[in-house]
Amino acid sequence: MERETIRIRYHSDQIERLRYIDGKSDWIDLRSAEEVTLRAGDFHLVDLGISVQLPEGYEMITAPRSSTFRNYGILQSNSIGVVDESYCGDNDVLKMPVYATRDTTIHVNDRICQFRIIRHQPALVFEEVSSLGNTDRGGFGSTGRR
991 MERETIRIRY HSDQIERLRY IDGKSDWIDL RSAEEVTLRA GDFHLVDLGI
1041 SVQLPEGYEM ITAPRSSTFR NYGILQSNSI GVVDESYCGD NDVLKMPVYA
1091 TRDTTIHVND RICQFRIIRH QPALVFEEVS SLGNTDRGGF GSTGRR
């Protein structure tokens, strides 16, 4: 198994250290480093309490946990987050941009999102053609329709 190193600077002693989720997934939970109370309609950048240095050639994808909306009524306002390896300074603290759909409180150390790292995609060449020359599958939303 190939291993890469992510250097982590913790800005809070109140959040648990990063770790795999008991062998259940290769996504890793991120936790709130602040107590925040939101009203329905509020926007907030939730401090996740860490700065990271990713391995060269990698980027981090962040997304809400599957229970985040149910538990807190918040949506990650940019759908997913993308962090590239240039965001690596001591003050480049990870944050989760959230929109509250109901009144809610997020407590310090609550697991609210998760991340994984992926290699950068290869350099692409875009070739313009008049036809792709393939059979149509049925268009957007056609999977499972008869």
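Position in the sequence shown (first residue = 1) + 990 = this note's numbering.
The beta-carbon is built from N, C-alpha and C at its ideal position, and this holds for glycine as well.
What do you get for residue i, buried or exposed, if any count of 16 or more other CB atoms within 10 angstroms of its CB means buried?
{"i": "Q1111", "result": "exposed"}
{"i": "F1105", "result": "buried"}
{"i": "Y1010", "result": "exposed"}
{"i": "L1114", "result": "exposed"}
{"i": "I1096", "result": "buried"}
{"i": "V1088", "result": "buried"}
{"i": "L1044", "result": "buried"}
Can you check which of these residues, the options, is closest to residue i by C-alpha distance?
{"i": "I1064", "options": "V1083, A1030, E1075", "result": "A1030"}
{"i": "H1034", "options": "S1022, Q1043, N1099, V1073", "result": "S1022"}
{"i": "G1039", "options": "T1094, R1055, I1102, S1056", "result": "I1102"}
{"i": "Q1066", "options": "E1025, K1014, A1090, A1113", "result": "A1090"}
{"i": "R1060", "options": "M1086, L1122, T1094, V1073", "result": "T1094"}
{"i": "V1042", "options": "R1055, R1007, G1079", "result": "G1079"}
Consider the C-beta atom of residue i and the heavy atoms of the ligand FMN; say whether any pair is separated by less than 7 Å.
{"i": "T995", "result": "With respect to small molecules bound, the structure shown includes none, and the ligand FMN cannot be examined in it."}
What are the start and end residues of the beta strand (DSSP E) that includes residue i?
{"i": "R1106", "result": "1101 to 1109"}
{"i": "D1032", "result": "From DSSP, D1032 is part of no beta strand (DSSP E); its letter is neither H nor E."}
{"i": "Y1089", "result": "1083 to 1090"}
{"i": "D1074", "result": "1071 to 1074"}
{"i": "I1011", "result": "First-last for I1011: undefined, no H or E at that position."}
Under three-state DSSP, which class holds residue i?
{"i": "F1059", "result": "helix"}
{"i": "L1122", "result": "coil"}
{"i": "E1024", "result": "coil"}
{"i": "L1065", "result": "strand"}
{"i": "L1114", "result": "coil"}
{"i": "L1044", "result": "coil"}
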